[in-house]
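A short worksheet on the structure shown next.
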Amino acid sequence: MDDHSWMYRDSPQELRKMDYCNGVQGFINFATSIPRNFTDGGIRCPYRKCKNLKFLHQDVVMIHLLTKGFMEDYLCWYVHGELFVTPYSCWLVILTIYNLPPGMCMRPEFMFLSIVIPGPSSPGRNIDVCFRSLIDELTQLWSSGALIYGISRK
Ligand SMILES: [Zn+2]
Numbered sequence: 003m004d005d006h007s008w009m010y011r012d013s014p015q016e017l018r019k020m021d022y023c024n025g026v027q028g029f030i031n032f033a034t035s036i037p038r039n040f041t042d043g044g045i046r047c048p049y050r051k052c053k054n055l056k057f058l059h060q061d062v063v064m065i066h067l068l069t070k071g072f073m074e075d076y077l078c079w080y081v082h083g084e085l086f087v088t089p090y091s092c093w094l095v096i097l098t099i100y101n102l103p104p105g106m107c108m109r110p111e112f113m114f115l116s117i118v119i120p121g122p123s124s125p126g127r128n129i130d131v132c133f134r135s136l137i138d139e140l141t142q143l144w145s146s147g148a149l150i151y152g153i154s155r156k
């Protein structure tokens, strides 16, 4: 998702500023570049009264946006096909057990997440949220343990 911070302007003078006008042109270019956005020759209009419900010609949509602004909370243009991707990046190192039968060694239950390498926009300390269930299981194993089946003892 690109930076769309230019989208929200309040006053008509602000709506005429160059970065806003260029941004609206960029929005129209993006929306019209995806064929499935066209219905009856028009695209959905994200002006606050049209609310992506009306299909209008791209010139009309541009006029709505240039004179009145975007609807609230439309920073990700998901209705127009923009993918919502979290701004995080990480590398995962996953271990598999290769002395299992071939049909088993690539199954998820025999793969182990061993290392998370943070990328340039990694979640940092907020990665804790992803590991909550693992931490809970490890805490339970440490404090009360768990019954297991030992194949050597039968
Ligand atoms: Zn409109």
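3 is the number of the first residue of the sequence shown in my numbering; add one for each residue after it.
Using N, Cα and C, we set each Cβ at its ideal position, and we do this for glycine too.
Query raised in the report: Looking at the structure shown, is residue 79 part of a helix, part of a strand, or coil, going by DSSP?
Result: Residue 79: coil per DSSP, three-state reduction.
Query raised in the report: Name the DSSP bridge partner or partners of residue 52?
Result: Partner(s): none; residue 52 has no beta bridge.
Query raised in the report: Where residue 82 and residue 61 are concerned, what is the direct C-alpha to C-alpha distance, given to the nearest angstrom?
Result: Straight-line measurement puts the Cα of residue 61 at about 16 angstroms from the Cα of residue 82.
Report task. Assign residue 18 to one of two classes, buried (16 or more other C-beta atoms within 10 Å of its C-beta) or exposed (fewer than that). Result -> With fewer than 16 neighbouring CB atoms inside 10 Å of its own CB, residue 18 falls in the exposed class.
Requested in this report: For ligand 1, list every residue whose C-beta falls under 5 angstroms from any of its heavy atoms, going in chain order.
Outcome: My final list is 47, 49, 52 and 66.
**Report entry** Identity of the residue in 43, 99 and 116 nearest residue 109 by Cα
**Finding:** When each option's Cα is compared against that of residue 109, the closest is 99.
Query raised in the report: To the nearest angstrom, how far is it from the Cα of residue 12 to the Cα of residue 56?
Result: Whole-angstrom Cα-Cα distance: 22 angstroms.
Query raised in the report: Below 8 angstroms between beta carbons: does that hold for residue 65 and residue 95?
Result: Not closer than 8 angstroms, so no.
Query raised in the report: Less than 8 angstroms separating the beta-carbons of residue 120 and residue 92?
Result: Yes, the pair counts as a contact, with Cβ atoms nearer than the cut-off.
Query - Inter-residue Cα distance where the pair is residue 49 and residue 67 - result: Straight-line spacing of the CA atoms in residue 49 and residue 67 works out to 6 angstroms.
Query raised in the report: Thinking C-alpha only, which one of 69, 22 and 79 is nearest residue 36?
Result: Comparing Cα-Cα distances from residue 36 to each of 69, 22 and 79, the minimum goes to 79.
Query raised in the report: So what does residue 93 bridge to, in DSSP terms?
Result: According to DSSP, which records beta bridges pairwise, residue 93 is partnered with 119.
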